[in-house]
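**Q** Residue numbers (my numbering): 608 to 756.
By construction, the Cβ of each residue, glycine as well, lies at the ideal position given by its N, Cα and C atoms.
Would you mind keeping the following structure in view while I ask a few things?
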């Protein structure tokens, strides 16, 4: 799966995207991972630019997203994506895992899950990678919260 960079930016700007949203209690978020990933990958398999959101109530606030992109910047950084890429280039679509919280030093953690093609070819491995990454983000947030208590 590939996209022309300008087409990618235009589709997100015009909201020609899928945005499934999932939510759960903070202590039960891991129960949502399978549905979250499956909902995301089903849209990716349909060649749809997708941002799947997993929300919860927590203090400090935290949100998780799975996003399709041409580079490792979140959709809310479209201006930067346009600055660091060539609009006429066609690039592979990659899938990114994003955790966002004011508790994190940089406020944002973004990691690559893989190319859309590779992830769709091995969903079981993608689930293992996502689960490991997700648990690491929760552990990190819990450590920060405990240190501040």
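Compute the Euclidean distance between the alpha carbons of residue 646 and residue 614, then round it to the nearest angstrom.
**A** Locating residue 646 in the chain shown gives position 39, counting from the first residue. Locating residue 614 in the chain shown gives position 7, counting from the first residue. Their backbone Cα atoms lie some 23 Å apart in a straight line.
**Q** For the pair the region 685 to 696 and the region 719 to 736, tell me if three or more CB-CB distances fall below 8 Å.
**A** no
**Q** Under 8 Å by Cβ, that's how I've got residue 707 and residue 667 pegged, so tell me the actual separation to the nearest angstrom.
**A** Numbered from its first residue, the chain shown carries residue 707 at position 100. Numbered from its first residue, the chain shown carries residue 667 at position 60. Under the criterion of beta carbons closer than 8 Å, residue 707 and residue 667 do not qualify as touching, at roughly 11 Å.
**Q** Kindly indicate which residue of 692, 751, 671 has the alpha-carbon position closest to the one of residue 717.
**A** Residue mapping note: residue 717 aligns to position 110 of the chain shown, counting from 1. Nearest of 692, 751, 671 to residue 717, Cα basis: 671.
**Q** Whole angstroms are fine: how far does the CA of residue 753 sit from the CA of residue 740?
**A** Against the chain shown, residue 740 aligns to sequence position 133. Against the chain shown, residue 753 aligns to sequence position 146. So the two alpha carbons sit approximately 20 Å from each other.
**Q** Thinking C-alpha only, which one of 631, 736, 745, 620 is nearest residue 719?
**A** Numbered from its first residue, the chain shown carries residue 719 at position 112. The shortest Cα separation from residue 719 among 631, 736, 745, 620 belongs to 736.
**Q** Output needed for residue 751: all residues of its chain with C-beta closer than 6 Å, excluding positions within five of it in sequence on either side, in chain order.
**A** Within the chain shown, residue 751 is the residue found at index 144, counting from 1. The beta carbon of residue 751 lies closer than 6 Å to those of 710 in the same chain, with the five residues before and after it left out.
**Q** Anyone know if the C-beta pair for residue 644 and residue 675 falls short of 8 Å?
**A** As a position in the chain shown, residue 644 is number 37, starting the count at 1. As a position in the chain shown, residue 675 is number 68, starting the count at 1. No, they are not a contact pair.
**Q** Assign residue 632 to one of two classes, buried (16 or more other C-beta atoms within 10 Å of its C-beta) or exposed (fewer than that).
**A** On the chain shown, residue 632 is found 25 positions in, with the first residue counted as 1. Classification of residue 632: exposed, given that the 10 Å Cβ count is below 16.
**Q** Taking Cβ positions, are residue 626 and residue 660 nearer each other than 8 Å?
**A** Walking along the chain shown from the start, residue 626 turns up at place 19. Walking along the chain shown from the start, residue 660 turns up at place 53. Contact flag set, yes.
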